[in-house]
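Reviewing the structure listed below.
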Amino acid sequence: MADGLVVAVLRRGVGDFGAVGDQPLEPLFGGVVWDDDLDREAQRAAEIAAAESQKAQEKEQALARAQTQLITDGVAQKMAQVRDACINNLRQIDGAKQQWALETGKTASAEPRKEDLQPYFPNQQFPVCPGSGVYKLNAVGAHPTCSLQSHTLGQ
Numbered sequence: 435m436a437d438g439l440v441v442a443v444l445r446r447g448v449g450d451f452g453a454v455g456d457q458p459l460e461p462l463f464g465g466v467v468w469d470d471d472l473d474r475e476a477q478r479a480a481e482i483a484a485a486e487s488q489k490a491q492e493k494e495q496a497l498a499r500a501q502t503q504l505i506t507d508g509v510a511q512k513m514a515q516v517r518d519a520c521i522n523n524l525r526q527i528d529g530a531k532q533q534w535a536l537e538t539g540k541t542a543s544a545e546p547r548k549e550d551l552q553p554y555f556p557n558q559q560f561p562v563c564p565g566s567g568v569y570k571l572n573a574v575g576a577h578p579t580c581s582l583q584s585h586t587l588g589q
């Protein structure tokens, strides 16, 4: 101590420096460093890091949304293809029913069996719903149906 003044050596991670009262002294490595300067720099660095972290999170969220949309679009497209193939099968079944009724002299109320219609399909293979639905033939005067609700033949 010199002349009753308190001299303190502080450590702030930047280097050792001394102070007399509230007045800074030259740091041991040269230049004047104020406590407030260090606090502002640390705060600014923390703000920059937080902003960069926020941007990274936003990019990840945007990527996740884009991936989800692609998957959703792909699933919707596949479901539409399956539905369209089923509806095409229903049209073929309806045509086979009409042909069967014409050739066998059946009325609109007659209900064919699957076996009755097999000869009207290639290789006598009765169509199968690609969505795992089950076909109901119904009477000649009514459209065939699929157990999957979205697979319907227009009225």
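Heads up: the sequence shown runs through residues 435 to 589, numbered per my numbering. C-beta: ideal position from N, C-alpha, C; glycine also.
Counterpart residues of residue i in DSSP-defined beta bridges
i	result
T579	K570
Contacts around residue i, its chain only, beta-carbon distance under 6 Å, and the 5 residues preceding and following it disregarded
i	result
Q491	none
Y554	A530, Q533
Rounded Cβ spacing between residue i and residue j (contact assumed at less than 8 Å)
i	j	result
A535	V574	4 Å
Whether residue i touches residue j by CB criterion (8 Å)
i	j	result
S581	V562	no
E545	N572	yes
L587	R547	no
Cβ-based neighbour list, residue i, same chain, cut-off 8 Å, excluding 5 preceding and 5 following
i	result
L551	I527, A530, K531, W534, F560, L571
S543	A573, V574, G575
P578	L524, I527, D528, K531, Y569, K570, L571, N572, L587
Beta-carbon proximity list for residue i, same chain, < 7 Å, skipping 5 on both sides
i	result
P564	V516, A519, C520
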